[in-house]
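Asks: Residue numbers (this note's numbering), protein chains in the order written: chain A, 1 to 113; chain B, 1 to 115.
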Amino acid sequence: QKEVEQNSGPLSVPEGAIASLNCTYSDRVSQSFFWYRQYSGKSPELIMSIYSNGDKEDGRFTAQLNKASQYVSLLIRDSQPSDSATYLCASKTPGAGSYQLTFGKGTKLSVIP
Amino acid sequence: GAVVSQHPSRVICKSGTSVKIECRSLDFQATTMFWYRQFPKKSLMLMATSNEGSKATYEQGVEKDKFLINHASLTLSTLTVTSAHPEDSSFYICSARDIPDGDQYFGPGTRLLVL
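1) State the start and end residues of the unbroken beta strand (DSSP E) segment that holds Ser-54/B.
2) Looking at the secondary structure, which residues open and close the beta strand (DSSP E) in which Gly-57/A lies?
3) Is the beta carbon of Val-29/A less than 9 Å from the beta carbon of Ile-50/A?
4) Along the stretch 38 to 59 of chain A, where does the CB come closer than 9 Å to a CB of chain B? Name the residues.
5) What ranges does the beta strand (DSSP E) occupy inside the stretch 10 to 34 of chain A, keeping only unbroken runs of at least 3 residues that lie completely in it?
6) Can you find a heavy atom of the ligand GTP that lies under 8 Å from the Cβ of Gly-104/A?
7) What does the alpha-carbon distance come out to for the pair Pro-12/B and Lys-66/B?
8) Which word fits Ile-18/A, buried or exposed, when buried means at least 16 other C-beta atoms lie within 10 angstroms of its C-beta?
9) For the stretch 23 to 34 of chain B, which residues have a beta carbon sitting closer than 9 Å to at least one beta carbon of chain E?
10) Identify, in the order they occur along the chain, each residue of the same chain with its Cβ nearer than 6 Å to the Cβ of Ser-32/A, setting aside the five sequence neighbours on each side.
11) What's the call for Ala-85/A, buried or exposed, on a 16-neighbour Cβ count within 10 Å?
12) Assuming Leu-109/A contacts Gly-9/A (C-beta within less than 8 Å), just tell me the rounded distance between them.
13) Can a CB atom of chain A be found closer than 9 Å to the CB of Met-47/B?
14) In the DSSP output, which residue or residues are listed as bridge partners for Tyr-92/B?
15) Would you give the residue range spanned by the beta strand (DSSP E) that Arg-10/B belongs to?
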């Protein structure tokens, strides 16, 4: 069974600190991974996608992928109160058509001013 | 670009009635649309995958006769919750992609409350 695991949190960090969010996946077939941010009562918003081992940086966000360890992480530098949300990790897995996304349960992040 | 809309954003209905939710891709043609359901403090659960012009593929445990999905055009998919019950109350979210390997873009969601 394809699973994506995340620590539900909440993860609390002070404003300006680095927030580190982690995710593991069980399906070795998965090749692509995504981080979505979901504010309370809203739908998910794509933040980062990563396909290759190593780091991928976009502004204050860095995604890290280690396929050997089946581990994905998201670092948020200079955390802001507006970053407070639930962060969903997702893996791309074969499904109907071409692929579908399997989501973790999400990690709730609170950035304390 | 890549905007997906949903209508209505919120609906309250009586038990036993049917509710239709629309999902539209506004600036791209969506060959595939997905319907998700999210209960409070839970993650997104894929309900079905819908390819334009063909029948939807439902995930295990999702009743296809209860959750009717129509994807008649490249910009519109509808989800009809038939004979809704209070346990169907949830946040329903659609997503769409334009190419088979493309990113999924999510709609804003529809909050359904069945009394």
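Even for Gly, the Cβ is constructed at its ideal location relative to N, Cα and C.
Replies: This is what the structure gives:
1) What you label residue 54/B is simply residue 54 of the second sequence in a count that begins at 1. No beta strand (DSSP E) holds Ser-54/B; DSSP gives it neither H nor E.
2) Position 57 of the first sequence, counted from the start, is the residue given in the question as residue 57/A. Rather than Gly, the amino acid found at residue 57/A in this sequence is Glu. 54 to 58 is the extent of the beta strand (DSSP E) around Glu-57/A.
3) Taking the first residue of the first sequence as 1, we reach residue 29/A at position 29. Taking the first residue of the first sequence as 1, we reach residue 50/A at position 50. Against a cut-off of 9 Å, the Cβ pair of Ile-50/A and Val-29/A comes out as no contact.
4) Gln-38, Gly-41, Lys-42, Ser-43, Pro-44, Glu-45, Leu-46 and Ser-49
5) 11 to 14 and 19 to 25
6) The ligand GTP is not part of this structure, which contains no ligands at all.
7) The residue given as residue 12/B occupies position 12 in the second sequence. The residue given as residue 66/B occupies position 66 in the second sequence. Position check: residue 12/B holds Ile in this sequence, whereas Pro was assumed. Their backbone Cα atoms lie some 18 Å apart in a straight line.
8) Along the first sequence, one-based indexing puts residue 18/A at 18. By the 10 Å Cβ count, Ile-18/A comes out exposed.
9) Among the protein chains of the structure shown, namely A and B, there is no chain E.
10) As a working mapping, residue 32/A is identified with position 32 in the first sequence. Around Ser-32/A: Tyr-51 and Lys-92.
11) To locate residue 85/A, count along the first sequence from 1; it is residue 85. By the 10 Å Cβ count, Ala-85/A comes out buried.
12) For this step, residue 109/A is matched to residue 109 along the first sequence. For this step, residue 9/A is matched to residue 9 along the first sequence. Right, the Cβ-Cβ distance comes to about 7 Å (below 8 Å), so this counts as a contact.
13) Looking up residue 47/B in the second sequence gives position 47. Cβ-Cβ to chain A under 9 Å: no for Met-47/B.
14) To locate residue 92/B, count along the second sequence from 1; it is residue 92. For Tyr-92/B, which the question treats as bridged, DSSP gives the partners Arg-37/B and Thr-110/B.
15) Within the second sequence, residue 10/B is the residue found at index 10, counting from 1. That run of the beta strand (DSSP E) goes 10 to 13.
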